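Q:
Laid out in structure tokens, this is it:
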């Protein structure tokens, strides 16, 4: 579900003056910048609401620092949340054979850490992902468990930076700051399409405020006249020179009829 503002919903005051009037003006301006950044994310979140559920298959391509590739195929199922509960997602690996059945279940929780469980079929074990482990890499990729968590707008503070262009597209540039002290990132910079309110690029900065990774969203398709989904996402780790790509196979299916019961951790062992 990567690629739209709703599912990265993420992470979004300044100026000092020498006179009381200038200081007041600076604070008002900073507050306006903060409010505008948050409002843009909230608008994108609202625009993508109503997808109900979705089901799609995608390939994960891992590239190491020497350029060697390995591939994994997985199916993702998602269920939209409501005002009380967050979204739910289930990732199930299909290929290669030694990864078949490995699953990650995520329950989004409003104003709190998500619950995540991983099923390892070889061990026949369901393992809960602890808060401290969410900065760990997911199946050797450049995505962490934190990156795959379901984020709400309220999980971050925001600062609008400027309106600009990215590859000829008019975008909003917004700083997004995780409120969770256990986050692996100090901040993120998001480039949001001014017209469609979809994410084109996201930079991740580590705890030392050094650029760690960049996530690119490409090949967008629109579904049901309103839901935009990126069919290719690329994560580049600037500190290790490793890369991960997610490429959608076929198309997304929406309103598939899944329910909360399909996202129970007790059902992970029966997934095929």
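Residue numbers (my numbering): 441 to 712.
Glycine included, every Cβ here is placed at the ideal spot set by N, Cα and C.
Fair warning: this is a prediction, and the values are worked out from it, not measured in the lab.
1. Examine the Cβ distances between the region 645-664 and the region 672-688 and report whether three or more of them are shorter than 8 Å.
2. Could you check whether residue 494 and residue 699 sit closer than 8 Å to each other, using their CB atoms as the reference points?
3. Output the boundary residues of the alpha helix (DSSP H) element that contains residue 588.
4. Compute the Euclidean distance between the alpha carbons of residue 694 and residue 515, then round it to the nearest angstrom.
5. From this set, 666, 632, 607 and 574, which residue's C-alpha is nearest residue 492's C-alpha?
6. To which residues of the same chain is residue 576 closer than 7 Å at the C-beta, ignoring the five residues directly before and after it?
7. In whole angstroms, give me the CA-to-CA distance for residue 486 and residue 671.
8. Going straight from the alpha carbon of residue 540 to that of residue 639, what length do you get?
9. Is it right to say residue 615 is buried, meaning 16 or more other beta carbons lie within 10 angstroms of its own, or is it exposed?
10. Cutting at 6 Å between CB atoms, please list the residues of its own chain near residue 497, excluding the five before and the five after it.
11. Where does residue 694 fall in DSSP's three states?
12. Could you tell me how far apart the beta carbons of residue 711 and residue 532 are, in whole angstroms, since I believe they sit closer than 8 Å?
13. Considering only the alpha carbon of each residue, which of 476, 692, 484 and 475 lies closest to residue 636?
14. If you measure from the CB of residue 527, is any heavy atom of the ligand HEM nearer than 7 Å?
15. Looking only at its own chain, which residues have a Cβ that is under 8 Å from the Cβ of residue 652, when we skip the five neighbours before and after it?
16. Starting from the Cα of residue 476, find the closest Cα among 558, 634, 499 and 500 and give me that residue.
17. Are the CB atoms of residue 598 and residue 703 within a distance shorter than 8 Å?
18. Does DSSP put residue 532 in a helix, a strand or coil?
19. With DSSP collapsed to three states, give me the class of residue 582.
20. Just checking my contact of residue 630 with residue 642 at CB under 8 Å: how many whole Å lie between their CB atoms?
21. Do you know offhand how far residue 612's Cα is from residue 684's?
22. I need the boundaries of the beta strand (DSSP E) containing residue 543, first residue and last residue.
23. Taking its Cβ as the centre, do 16 or more other Cβ atoms sit within 10 Å of residue 518, making it buried, or is it exposed?
24. Using a 10 Å radius around the Cβ and a threshold of 16 neighbouring Cβ atoms, would you call residue 489 buried or exposed?
25. Sort 499, 588 and 501 by Cα distance to residue 529 and report the nearest one.
26. On a CA-only basis, which of 503, 632, 500 and 591 is nearest residue 549? Give me that one, please.
27. Cutting at 7 Å between CB atoms, please list the residues of its own chain near residue 705, excluding the five before and the five after it.
28. Span of the beta strand (DSSP E) holding residue 628?
A: The short version:
1. yes
2. Sequence index remark: in the chain shown, residue 699 carries index 259 (1-based). Sequence index remark: in the chain shown, residue 494 carries index 54 (1-based). No, these two residues do not count as a Cβ contact at 8 Å.
3. Translated into the one-based positions of the chain shown, residue 588 becomes position 148. It spans 585-588 - the alpha helix (DSSP H) in which residue 588 sits, taken as one unbroken run.
4. On the chain shown, residue 694 is found 254 positions in, with the first residue counted as 1. On the chain shown, residue 515 is found 75 positions in, with the first residue counted as 1. Each residue's alpha carbon lies about 14 Å from the other.
5. As a working mapping, residue 492 is identified with position 52 in the chain shown. Checking every option, the nearest Cα to that of residue 492 belongs to 666.
6. Looking up residue 576 in the chain shown gives position 136. These residues qualify, in order along the chain: 584 and 585.
7. Numbered from 1 along the chain shown, position 46 holds the residue referred to as residue 486. Numbered from 1 along the chain shown, position 231 holds the residue referred to as residue 671. Spanning the two alpha carbons is a distance of roughly 21 Å.
8. Taking the first residue of the chain shown as 1, we reach residue 540 at position 100. Taking the first residue of the chain shown as 1, we reach residue 639 at position 199. Rounded to the nearest angstrom, the two C-alpha atoms are 31 Å apart.
9. Taking the chain shown and counting its residues from 1, the one referred to as residue 615 is at position 175. Under this definition residue 615 is a buried residue.
10. Translated into the one-based positions of the chain shown, residue 497 becomes position 57. Only 515 and 689 meet the Cβ criterion.
11. As a working note, residue 694 is residue 254 in the chain shown. Of the three classes helix, strand and coil, the one that applies to residue 694 here is strand, per DSSP.
12. Start at 1 with the first residue of the chain shown, and residue 711 comes out as number 271. Start at 1 with the first residue of the chain shown, and residue 532 comes out as number 92. Taking a contact as a CB-CB distance under 8 Å, the pair residue 711 and residue 532 counts as one, their CB atoms being some 6 Å apart.
13. Along the chain shown, read from residue 1 onward, the residue named residue 636 stands at position 196. Relative to residue 636, the option among 476, 692, 484 and 475 whose CA is nearest is 484.
14. Because no ligand of any kind appears in the structure shown, any question about the ligand HEM cannot be addressed here.
15. The residue you call residue 652 lines up with position 212 of the chain shown. Within the same chain, residue 652 has close Cβ partners 625, 644, 645, 646, 677, 678 and 679.
16. In the chain shown, the residue the question calls residue 476 occupies position 36. Nearest C-alpha to residue 476: 634.
17. Stepping through the chain shown from its first residue, residue 703 is reached at position 263. Stepping through the chain shown from its first residue, residue 598 is reached at position 158. No, Cβ-Cβ distance for residue 703 and residue 598 is not below 8 Å.
18. Your numbering for residue 532 matches position 92 in the chain shown. In the structure shown, residue 532 sits in a strand (DSSP, three-state: E or B).
19. To locate residue 582, count along the chain shown from 1; it is residue 142. Correct three-state label for residue 582: coil.
20. As a first step, residue 630 is located in the chain shown; it is residue number 190 there, counting from the start. As a first step, residue 642 is located in the chain shown; it is residue number 202 there, counting from the start. Going by Cβ atoms, the distance from residue 630 to residue 642 rounds to 5 Å, so yes, they are a contact pair.
21. Here residue 612 is taken as the residue at index 172 of the chain shown, counted from 1. Here residue 684 is taken as the residue at index 244 of the chain shown, counted from 1. Each residue's Cα considered, the two are about 25 Å apart.
22. The residue given as residue 543 occupies position 103 in the chain shown. First-last of the beta strand (DSSP E) with residue 543: 543-549.
23. Numbered from its first residue, the chain shown carries residue 518 at position 78. Its Cβ being crowded by 16 or more others within 10 Å, residue 518 is buried.
24. In the chain shown, counting from the first residue as 1, residue 489 sits at position 49. Classification of residue 489: exposed, given that the 10 Å Cβ count is below 16.
25. Sequence index remark: in the chain shown, residue 529 carries index 89 (1-based). For the residues 499, 588 and 501, the minimum Cα distance to residue 529 belongs to 588.
26. On the chain shown, residue 549 is found 109 positions in, with the first residue counted as 1. Looking at the Cα atoms, 591 is the closest of the given residues.
27. Stepping through the chain shown from its first residue, residue 705 is reached at position 265. Apart from sequence neighbours up to five positions away, the residues of its chain that approach residue 705 with a beta-carbon distance below 7 Å are 545, 557 and 566, ordered along the chain.
28. Taking the chain shown and counting its residues from 1, one reaches residue 628 at position 188. Taken as a continuous stretch (DSSP letters only), the beta strand (DSSP E) holding residue 628 covers 627-633.
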